[in-house]
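**Student:** In the numbering used here, the protein residues as written are 519 to 944.
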Amino acid sequence: MFEKSQLAYSQAKEVIPGGVDSPVRAFTSVGGVPPFIQKGEGAYIYDIDNNKYLDFVQSWGPLIFGHCNKEIEDAVIDTVKKGLSFGAPTELETQLASEIVDMHDNIDKVRFVSSGTEAVMSAIRLARGVTKKDDILKFEGCYHGHSDSLLVQAGSGLATFGTPSSPGVPEDLTKHTLLCEYNNIENLKKCFADNSDIACIIIEPIAGNMGLVPADEAFLKTCRELCDKHGALLIFDEVMSGFRASLTGAHGIVETSADIVTFGKVIGAGMPVGAFASSSEIMDHLSPDGAVYQAGTLSGNPVAMAAGLVSLQKLKANPEVYDDLSAKAIKLTQGLKSVAAKNNIPLIVDTRGSMFGFFFNENQPKNIKDVATSDFERFATFHSEMLKRGFYFACSQYETGFISTVMTDDDIDNCIKAASEVMEIL
Ligand SMILES: *Cc1c(COP(=O)(O)O)cnc(C)c1O
């Protein structure tokens, strides 16, 4: 059933490292051939062997309206016809920035970049520039893109400087990155007690890159208090959760508010976009008003802005879609849990708006170490059996799944039915 993909994959591997332009796409953790995609349509994608799948990946988050939404497509085509890029200001940038500002009471200004990685990298430079401090604090299991100083893993013991998690990243570039355990208040307090030069905490308030592991309310509150006490800034990385978990992402769900927020994914509706945003006071430190340098040839690209603008306007005009997305995410995960339970398979599930996660685990993971105790072999079998039945789940237990507005209750019912067959053979 994957003959053409098999061939395409081997051809790709000849000219592209690993055959993919982002490693997770290679299906390494579940095995098998990654289906090569020929097209998307609504809630579905089709591979080059003409297999059809219900798509829970949605390009890893951006496609909240599913594939080929007519209004987004029209806006993109209209804009393309006027020219692809100018490297000069367009009104589209102001319009998209205004929508984001309008929806967030902690944001006055937004700057656009071309990826989530770039957004986080720039937000961190801004935080360092504003606070005039060098260290940054991140949490194990949170992903903030692939910039050098964020590719860190725990060294010896907790609350220590991170060591590079990839060859090619010099220790000199990670020695200012402090690493703490997610949802561990004591660890976080100790880190602040031991280090006096912390410019910012960067956190996924709803972690989606170790599977779905939301931060505890008390933990976020402690992040806020420690930042305030020590003159550090709190950065919420909402590249995934922004406009996904709710209309205003995690900001609309948790009680704690961040100083700087990063966006990506949904704000580009599938086009390459990222953004970082904050109060005027903080954003005015950026060049050309301030001294903190940041730039981009294709930043605020009109085609990407047009796609994001229609997308955010549609969400803002129909905030009730989040109730529907959330209901479907709950229906799916509760359905999976109950068919698993029938087969005595422990499954932990959680949702935040249109985001859903599940772990083959007996206990609710609170951090990356807990996640690692999940049954990965069982997940790999579940994944490939569901794929054969036409359900495209993220190919790793460390990823989050997404509901799109075009998924129907029938789609979800069919998925639970297929899962019930699969759970019997796990
Ligand atoms: C996807 C993601 C990023 C990186 O975004 P890219 O567009 O892939 O560079 C950063 N932070 C979070 C939370 C993400 O989910």
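Even for Gly, the Cβ is constructed at its ideal location relative to N, Cα and C.
Can you give me the start and stop residues for the alpha helix (DSSP H) that M801 sits inside?
**Tutor:** Segment 798 to 801, the alpha helix (DSSP H) holding M801.
**Student:** Please classify A530: does DSSP put it in a helix, a strand, or coil?
**Tutor:** A530: helix per DSSP, three-state reduction.
**Student:** Let's test the definition: count the other Cβ atoms within 10 Å of the Cβ of Q812 and tell me whether it reaches 16, buried, or not, exposed.
**Tutor:** Classification for Q812: buried.
**Student:** I'd like the list of long-range same chain contacts for K693, defined as Cβ closer than 6 Å, with 5 residues on each side in sequence excluded.
**Tutor:** These residues qualify, in order along the chain: F679.
**Student:** Inspect the CB distances between the stretch 745 to 756 and the stretch 710 to 718 and report whether three or more fall short of 8 Å.
**Tutor:** They touch, by the three-pair rule.
**Student:** Under a Cβ-count criterion, where at least 16 other Cβ atoms within 10 Å of its own Cβ denotes burial, should I866 be classed as buried or exposed?
**Tutor:** Classification of I866: buried, given that the 10 Å Cβ count is 16 or more.
**Student:** Between which residues of its own chain and K531 is the CB-CB distance below 6 Å, once the five residues before and five after are set aside?
**Tutor:** Counting only Cβ-Cβ distances below 6 Å, and skipping sequence neighbours, we find G537.
**Student:** Thinking C-beta only, is L581 closer than 7 Å to C909?
**Tutor:** Looking at the sequence itself, residue 909 is Phe, so the reference to Cys does not match. Contact: no.
**Student:** What does the alpha-carbon distance come out to for the pair A793 and N727?
**Tutor:** So the alpha carbons of these two residues sit roughly 19 Å apart.
**Student:** Leaving out five residues on either side along the sequence, give the residues of the same chain with a beta carbon under 8 Å from the beta carbon of S523.
**Tutor:** Contacts found: V551, P552, P553, F554, D565, I566, D567.
**Student:** Considering only the beta carbon of each residue, do K846 and I771 sit closer than 7 Å?
**Tutor:** The answer is no: Cβ separation not under 7 Å.
**Student:** Can you check whether the CB of Y840 is closer than 7 Å to the CB of G875?
**Tutor:** Not closer than 7 Å, so no.
**Student:** Would the C-beta of D928 count as close to ligand 1, meaning under 6 Å from any of its heavy atoms?
**Tutor:** For ligand 1, not one heavy atom lies less than 6 Å from the Cβ of D928.
**Student:** Per DSSP, which residues does Y564 bridge with? Please list them.
**Tutor:** Beta-bridge pairing links Y564 to K557, K570.
**Student:** Tell me whether the beta-carbon of A822 lies closer than 7 Å to the beta-carbon of V791.
**Tutor:** Closer than 7 Å, so yes.
**Student:** Taking S892 and F877 to be in contact with their CB atoms under 8 Å, please state how far apart those CB atoms are, rounded to whole angstroms.
**Tutor:** Contact flag correct, Cβ pair sits at about 4 Å.
**Student:** Where does D653 sit, in a helix, a strand or coil, going by DSSP?
**Tutor:** DSSP places D653 in strand when its eight states are reduced to three.
**Student:** Looking at the strands, I want to know which residues DSSP matches up with I720.
**Tutor:** Answer is I753.
**Student:** Which stretch, first to last residue, makes up the alpha helix (DSSP H) that contains I590?
**Tutor:** Where I590 is concerned, the enclosing alpha helix (DSSP H) stretches over 588 to 598.
**Student:** For V648, which of helix, strand or coil comes out of DSSP?
**Tutor:** Looking at V648 - three-state DSSP - the assignment turns out to be helix.
**Student:** Could you work out which residue in V687, D666, R646 is closest to M801 when comparing CA atoms only?
**Tutor:** Minimum Cα distance to M801 is reached at R646.
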